[in-house]
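Engineer: Structure below; questions to follow.
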Amino acid sequence: MKTNALAFLLISCLLLLLASSCGFDGDKWQTELPKIGSSSSPAATDLTGDGIKDIVIGGGAKEFSRTETGVTALDGATGQLIWSVAAHNQIVGSPVFQDINEDDIQDVFIGGRSAIFMALDGKTGDKIWEFLPFDQKIDYVNDTTILNFFNPQWVHDVDEDGFLDLITAYGGFVKAQHGDENRPAGYLMVLSGRTGEKLAQIRMPDGKETYMSPIVYDFGQGDEVIFGSGGEDISGSLYRTPLADLLAGNELINPTNLLSGGKRGL
């Protein structure tokens, strides 16, 4: 432990010396986004074309309340607002990027509560597509089919339109009571990156809810998906399944159960 602590101290001192010699001066700007909170981790890409990465983050007001700053893009050089996009509920996912309108600026893909998932023009913030546009006729509080999107990840070009597609978790029912096992099942969902069309939707194999963002990795036999089921006080498991099985559109009958969460989910 003493050796590790000494090594950490030496590395820290070295980094400070390097920063001083390079003239590094952090905290160049600070920006406040009033009256919103955020559970979305920011991500960065160059939206302005100045060679400096800009910051995109999701946000929201009180649950089920509209906010004008559901998604915000900030200039990485100055902290000034580039654009913001309204949302009718909280945007809790974190953004990923891909240029689908082919203007050489990465576009923004991000999701949140009430089945919100949007593709936004990286330059202007204009919506390119939206999974479920807001409709006053929908009961977003009580409809058990209106769940939440979490962090997405890119997969290969499933629909062969020249663009990567998205996999994400879809689950969580806000009105479920503590300890109530009778909750809507969660899903893994694959969306077209270019159009937002649903390409696949597979129910959790144990019928439980899901909050875990799936991870895609090639262990040597093609892409596989690691995903979890269950909740804070609802049992669940960690699973592994070939991406091809999910894309086949069939119920996942024999996914590998990697780990049980016991009385809680993964």
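For the sequence shown, our numbering assigns the number 19 to the initial residue and increments by one for each residue that follows.
Cβ coordinates follow ideal geometry from the N, Cα and C atoms, glycine included.
As the structure is a prediction and not an experimental result, all values here were calculated from the model.
By DSSP's criteria, aspartate 121 is part of a beta bridge. Which residues make up the other side?
Structural biologist: According to DSSP, which records beta bridges pairwise, aspartate 121 is partnered with nothing at all.
Engineer: What are the complete beta strand (DSSP E) segments, minimum 3 residues, inside the region 184-217?
Structural biologist: 205-209
Engineer: Would you mind stating whether glycine 76 and serine 112 have Cβ atoms separated by less than 8 Å?
Structural biologist: yes
Engineer: Counting Cβ pairs, one atom from each stretch, are 3 or more of them under 8 Å apart for the region 234-243 and the region 144-164?
Structural biologist: no
Engineer: How long is the line joining the alpha carbons of leucine 51 and alanine 266, rounded to whole angstroms?
Structural biologist: 43 Å
Engineer: Looking only at DSSP bridge pairs, what is glycine 246 linked to?
Structural biologist: Leu256
Engineer: Check the C-beta distance from valine 110 over to serine 57 and give it rounded, since I have them as a contact under 8 Å.
Structural biologist: The beta-carbon separation of valine 110 and serine 57, rounded to 4 Å, stays under the 8 Å limit for a contact.
Engineer: When you compare each of Thr66, Leu99, Ala61 to glutamine 48 by their alpha carbons, which one comes out closest?
Structural biologist: Ranking Thr66, Leu99, Ala61 by CA distance to the CA of glutamine 48 puts Leu99 first.
Engineer: Could you pull out every unbroken beta strand (DSSP E) segment of at least 3 residues lying fully inside the region 154-189, listed in chain order?
Structural biologist: 171-173, 183-189
Engineer: Since proline 232 and isoleucine 185 should fall inside the 8 Å C-beta cutoff, what is the C-beta to C-beta distance between them, to a whole number of angstroms?
Structural biologist: In this structure proline 232 touches isoleucine 185 by the C-beta definition: roughly 6 Å separates them, less than 8 Å.
Engineer: In chain order, what residues of the same chain lie with their CB nearer than 7 Å to the CB of glycine 189, ignoring the 5 residues before and after it?
Structural biologist: Leu165, Asn166, Gly204, Tyr205, Glu227, Thr228, Tyr229
Engineer: Are the Cβ atoms of tryptophan 101 and threonine 142 separated by less than 8 Å?
Structural biologist: yes
Engineer: Just to confirm before moving on: does the CB-CB distance between phenylalanine 152 and histidine 106 stay below 8 Å?
Structural biologist: Result yes, Cβ atoms of phenylalanine 152 and histidine 106 sit closer than 8 Å.
Engineer: For arginine 201, I'd like the list of residues in its chain whose CB is within less than 6 Å of its CB, leaving aside the five on either flank, ordered along the chain.
Structural biologist: Phe191, Ala194, Glu227
Engineer: DSSP beta-bridge partners for leucine 138?
Structural biologist: Val126, Lys145
Engineer: By alpha-carbon positions, which one of Ala79, Phe135, Lys46 ends up nearest to arginine 212?
Structural biologist: Taking only the C-alpha atoms, the option nearest arginine 212 is Phe135.
Engineer: Please confirm whether arginine 221 and isoleucine 244 have their CB atoms less than 8 Å apart.
Structural biologist: no
Engineer: Of the choices Leu209, Glu81, Ala91, whose alpha-carbon is the least far from that of glutamine 124?
Structural biologist: Ala91
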